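Per our numbering: the sequence shown ends with 196, consecutive numbering throughout.
Every residue, glycine too, gets a C-beta built ideally from N, C-alpha and C.
Just so we're clear, the structure is a prediction, and the values are computed from it rather than from any experiment.
Heads up: the structure comes next, in structure tokens.
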Amino acid sequence: AGYLIYLGIKLFRAGGALKAEPRTDAVSAARMMAHAWLVTALNPKSITFFVAFLPQFLDRHADFWTQMLIFETTFLTLAFANAFGYALVASRARAIVRNPKAIRIFNRTGGTLLVGAGIATVAMRSGN
């Protein structure tokens, strides 16, 4: 709880400037895609999800590869739509995020919420 309050105060006091520098190293699109694919494919949460979730929808009497094709097509379509949605929101939010006043509002709101969470944690623990 104390750490949440500390983080909240630190975030509340943070300045209103975004110090993000563009990357200077050149990375090819193919290398970034390969890295993203590898990280996604080896993510233990994704593996656990598919191992627990997918078998419920498999029909043992139907063709396995046809079912896999349908599942993968559905998953990739939904994943693309999700990524596209995030990209669209990020591109629209770019101007807002670069505004120092907006950053200050985000920092103060986040800091207040963290302090509130810390206080709520203390209140809940002292009530037991």
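- Take Pro123, set aside five residues on each side of it, and no residue of its chain has a beta-carbon closer than 6 Å to its own.
- In the structure shown, Gly179 adopts helical secondary structure according to DSSP, grouped into three states.
- Boundaries of the alpha helix (DSSP H) harbouring Gly76: Gly70 to Arg81, taken from the DSSP string.
- Taking a C-beta distance under 8 Å as the contact criterion, Val183 and Ala69 do not qualify as a contact pair.
- If you ignore the 5 residues before and after Asn175, its C-beta comes within less than 6 Å of the C-beta of Leu79 and Ala82, all in its own chain and listed in chain order.
- Your pair Gly84 and Ile171 checks out as a contact, with CB atoms roughly 5 Å apart and the cut at 8 Å.
- For Leu72, the CB contacts under 8 Å within the same chain, skipping 5 residues up- and downstream, are Leu182, Val183, Ala185, Gly186 and Thr189 in chain order.
- Boundaries of the alpha helix (DSSP H) around Glu140: Phe132 to Arg166.
- Under the DSSP assignment, Arg99 falls in the alpha helix (DSSP H) whose first and last residues are Ala97 to Ala109.
- Secondary structure at Leu122: helix, using DSSP grouped into helix, strand and coil.
- Sixteen is the threshold: when 16 or more other Cβ atoms of the shown chains lie within 10 Å of the Cβ of Gly179, as they do, the residue is buried.
- Gly195 sits in coil when the DSSP states are folded into three classes, being neither helix nor strand.
- CA-CA distance, Thr177 to Ala155, rounds to 24 Å.
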